[in-house]
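Student:
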Amino acid sequence: MADARPQLDLGRLVPLLVIPGVLVLGAWSLATLRFQTELLPLFPPGLASVQTLKKAQASMISERQIIAVAKPGTNPGWQALAKLADKLHGQPGIASAEVGMGAKGSPAEWLAGMIAALPAPRFAEIQKALTPAQVDSRLQDTLGSMSGAVDENEMARLHFDPLRLNEIIFPPPGVNPLAESLSVPPVLTIEPDQALKTFADDQQFVAQARAALAAESADLSPRPDFLLGGQPAITADISSHMKRDIVIMLVFTLTLTSLAFWLTYRSLMPLVWIVVAQILAVLSAVVVARLVFVEINVVSIGFSSILIGVGMDYCILVYHFFAQPGELDPHEWRELRHAIWLSSVTTAATFGILFFSSFPGLRQLAVLVAVGLIAMAFFATTFLARLLARRRPRAPRWLMPASERCARFLSRHRLAFRLFAAAVVLTVLVFARPLSQFGYYDSSVEQLEPSELEPFQAQKLLQSQAPEIPADDFTGGDAGANRRDWQPVDVAALKATFTLAGFDDTWSGGTTQVVDALNRWHAGAIELAGPTRMSDAWLQLREDLNRTAVSDFKRLSLVMSAIVLGLCFVAHRKTRLVALNFAALVLALMLFALMLYVTDTSMTLLSLLCIPLMIGLVIDYSLHILLALEHAHGDLVEAARHLAVPVLLTGVASIIGFAAPMFSSQPSLQNFGNVMDLGTVAAVISGLVLLPALYGKLKHVHRNEAKP
Amino acid sequence: MDFVRVLLCIALAVIAPALRADPQPVSAADLARYDQGFSAVQQATHSYRADITQMLHLQGLAKPITSTGTLYYESPDKLLVRFSQPAGEWMLVNGSQAAIQKAGRPIERRDLAAQGRAASHAASLLDFFHADPTRWHHDFDVSMSRDGDRLFVHLKPWMTPTATSQGVEQIVTTLLLPRYDIVRMMITINAGNSVDYQFAHGQRNAALDPALFTIPPP
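In order, the protein sequences belong to chains E and V. Under the numbering used here, the letters of the first sequence match residues -2 to 705, in that order. Under the numbering used here, the letters of the second sequence match residues 387 to 604, in that order.
#1: Roughly how many angstroms separate the alpha carbons of V/H611 and E/D198, rounded to a whole number?
#2: Is it right to say E/L217 is buried, meaning 16 or more other beta carbons lie within 10 angstroms of its own, or is it exposed?
#3: Can E/A230 and E/P452 be called in contact, C-beta distance under 8 Å?
#4: In angstroms with no decimal places, state the Cα-to-Cα distance between E/R394 and E/R263.
#5: What do you reckon, are the CB atoms on E/F655 and E/D632 nearer than 8 Å?
#6: Using a Cβ-Cβ cut-off of less than 8 Å, list which residues of the region 497 to 522 of chain E approach chain V; keep chain order.
#7: Quick check for students: name the residue ranges of the beta strand (DSSP E) that lie wholly in the region 469 to 542 of chain V, counting only runs of 3 or more.
#8: Tell me which residues of the region 120 to 133 of chain E have at least one Cβ-Cβ distance to chain V shorter than 8 Å, keeping chain order.
#9: To the nearest angstrom, report how far apart V/I451 and E/Q137 are at their CA atoms.
#10: I'd like the span of the alpha helix (DSSP H) that includes E/H335, first residue to last.
#11: Which class does E/G563 belong to by DSSP, given the choice of helix, strand or coil?
#12: Residues of the region 435 to 450 of chain V with a CB closer than 8 Å to any CB of chain E: list them in chain order, please.
#13: How would you call E/E151, buried or exposed, if buried means at least 16 neighbouring beta carbons within 10 angstroms?
#14: Just the Cα atoms here: how many angstroms apart are E/L162 and E/W483?
#15: Return helix, strand or coil for E/I608, following the three-state DSSP convention.
#16: Counting only runs of 3+ residues fully inside the region 565 to 597 of chain E, write out the beta strand (DSSP E) ranges in chain order.
#17: Run through DSSP, which three-state label would V/I601 get?
#18: Between the region 483 to 505 of chain V and chain E, which residues of the former have a C-beta closer than 9 Å to a C-beta of the latter?
#19: So, with DSSP's three-state summary, where would you put E/G654?
#20: Quick one: what's got a C-beta closer than 7 Å to V/D421's C-beta in the same chain, skipping five residues either side?
#21: Under 8 Å, Cβ to Cβ, is there at least one residue of chain E near V/V581?
#22: With DSSP collapsed to three states, give me the class of E/M143.
#23: How should E/D502 be labelled, buried or exposed, when 16 other C-beta atoms within 10 angstroms of its C-beta is the threshold for buried?
#24: In whole angstroms, what separates the C-alpha of E/G369 from that of E/I350?
#25: Check the DSSP bridge columns for V/Q606 and list the partner residues they point to.
#26: Within 8 Å, do at least three Cβ pairs link the region 323 to 342 of chain E to the region 564 to 581 of chain E?
#27: So, for V/A430: in the same chain, excluding its five sequence neighbours on each side, which residues have a beta-carbon less than 6 Å away from its beta-carbon?
#28: Check whether the region 69 to 79 of chain E touches the region 378 to 388 of chain E, counting contact only when three or more Cβ pairs, one atom from each stretch, lie closer than 8 Å.
#29: Please report the residue range of the alpha helix (DSSP H) in which E/S281 lies.
#30: Taking Cβ to Cβ, would you say E/R415 is nearer than 8 Å to E/L685?
#31: Return the residue from the list E/V511, E/T378, E/A498, E/R409 that minimises the CA-CA distance to E/Q275.
#32: Leaving out five residues before and five after E/N516 in sequence, what residues of the same chain have Cβ atoms less than 8 Å from its Cβ?
#33: Grab me the residues of V/A436's own chain with a C-beta within less than 8 Å of its C-beta, minus the 5 sequence neighbours each way, in chain order.
#34: Among E/S142, E/E329, E/L30, E/P116, which has the Cα closest to the Cα of V/G474?
#35: Just checking: is the beta-carbon of V/S453 within a distance shorter than 8 Å of some beta-carbon in chain E?
#36: Determine, using beta carbons only, whether E/A206 and E/G90 come nearer to each other than 8 Å.
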């Protein structure tokens, strides 16, 4: 017998075609997607400060080498580390090891770089000091200065720079950074014996280097306690923490959202389907990330919790629809599907706008979250809906009465809730001054770094050991003019002068390397000069990022508002309802600002994206509530029957989802989770509690009114 | 005839060093006896003063760098080397503090407790003067050889160096028997780099001005 009832449109064929594709491509993407562990690629590459930092970082950190920095008080000195370096040579995984200052390249290149940027008069002095007569005279002085009191540090400095060129760069009295630099605690740079292609390669190399250092330094006194830095150590450490973070965040989110779902609906199998739908959505986002970016930054892993948190919303709405008793109304299903798609498109669009941000990190997140949300809406309304339609779940008996009781309470006390909304607005207006002066955005980039991790500690120690470089010596010189004016020095003749004065190649080596570097620089073969003042660049970066973020925010928030407005019009086609959407949004933003102020929480570059996400959430909740209220002709009790529990559960799931990053080892993700939870609470209060109270045509409910 | 004489001279010049008697290793029993004897002398020495010649042999330099001066020691933890050539330079250790004055440079101070004793060359010298043979055996693998009235004490750091022996490859001290007067001390820092001290006019328990060992305030 033919079924005359209208059928639910559950997208029959599409999921069957899409799911295998997502699984195959997802597996391929997970296997081949590279994770970026550096901070700088997150920032706009065109900023001068970012370019400076990249150059400076390139001079500090090698792509391949591990830098072993002994903790203060445990450094056994140059000679002991030189011996240790010899012993490390050929150990498993280690091609070679060198003792140095920790900068990439030799001290000679560092010195040459300083000379290249000298003010013209001192640059000319350097040139003069390299004439044969001056060389001989200076070498005799050096012999004289090595007599008398034995100072091994001084001997090491003179062995490297017997012409004492550093004294021309920084004439005494005053600081002598090079002299200091040559007496800085030395570090070891360790080169791997193979290409480091995967996280596992980096982790293995770091483990091998650590083991070799421990074994070979056992007989040194003081026994060095090394911190391992450099790119392989950063990658190895972050990748292992990242793995842990991902596992903790996913397990945390899945467990708690599942627990919240099970406690509400007491339904197990649909929960498994929901989890599968979420995994499919996350995989879809990963596939797009692989195709668009090839590599994504570790901070983008936060997207998975956003997806699970927000995506649970769609799944719960679908589940709740199929769990209602009696026949299913295809019209209602169409409306729900329409609302889910509108909601996902709105949230995806608000996130998608971030694709036009100047920050590559935000562009990655925009694509990941937008694609993931749309995929989640797709799998919730097709894959999950088909399974739930086949095996209809049942909501617990207490659920509907509880929803109705809440709705009645809200309806009865609508005045109180309206007063609360007015109080929020009033509080913001009264405290406008302190609120406007609060630092909602912290432009410091340091907190984006997982600074407690060993490689970053090593890097900080390395930087703290480096001598302070007076600004004048770098800003005063014209490297371009110096490059032109440099008179190439005959390296062979220079070496011969050293030999005649009684100094062999080990003594002339440093100077000839400096001269060779300057000669090649003059010939255009290498770059020596350029901004190397990392600390200034960091300060500049802070200003640049602040400026860019504010400019982006102004530029994109207008477009974002226009898109949200447009989509709300598409959904409601009534100005009154769109205005209510926006009222909920403004209230949520005010609540959010108040909560940030009260909890003294500032947003970072990453947690700034909580704002579009919160806009998405508020629009999502308000869209569903307003559509349901319109459908029920202002009967909140009727609307709540369909929406109160799912939307509330959604809010709880979102809060759980966003709390997950707080347990990661990345400070940026911790702050993100913290801020996003505040944003979600604001969205739930505004969308679920205050908005119905503001709905003008709300049907009046009497205290003793019976259930319909 | 002249040719034969020249040939003989050359042969003698080549063979003579080989014919010279090598210092003979000291037996274990003698070593204990010398330990005891030197220990007694050291314990009885509360201060010491001697003229020194310092020859710095540095790897890669054609000639050693020679300096002269006076060494002052006061038991248990003070030592000063004041140079007359080059004038105005000195190196001093007093307890856990050390300082170096190089000509034309500010005084450089070092905290041996924090930086280790290897941070000061003077501290290495002090350790030798202060330590008795028991201490030597703790810090070094000690061996002795003797050539006539000269006793050569060879100190080599154990496999795991102690704070005292860290940074030193070998110390060879020449003592003049029977009074155990210090004649020479050669400290090898590492291969090719060594400091050779020759002592003259050594005076044990000489009256020293305590102000000698005061590190000038910064």
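Beta carbons are placed, not taken as given, at the ideal position from N, Cα and C, and that holds for glycine.
Tutor: The structure says:
#1: Within the shown structure, residues of chain V are numbered from 387 to 604, placing residue 611 of chain V beyond reach of any answer.
#2: buried
#3: yes
#4: 11 Å
#5: no
#6: G499, F500, D501, D502, T503, W504
#7: 473 to 480, 483 to 487, 494 to 497, 526 to 533
#8: none
#9: 11 Å
#10: 327 to 349
#11: helix
#12: Q440, L442, L444, Q445, G446, L447, A448, K449
#13: buried
#14: 15 Å
#15: helix
#16: none
#17: coil
#18: I486, Q487, K488, A489, G490, R491, P492, E494, A500, Q501, G502, A504, A505
#19: helix
#20: P519
#21: yes
#22: coil
#23: exposed
#24: 15 Å
#25: Lying before the first or after the last residue shown, residue 606 of chain V is absent from chain V, which here runs from 387 to 604.
#26: yes
#27: none
#28: no
#29: 266 to 290
#30: no
#31: E/T378
#32: W483, P485, V486, V488
#33: T456, L457, I568, F585, A586, H587, G588, Q589
#34: E/S142
#35: yes
#36: yes
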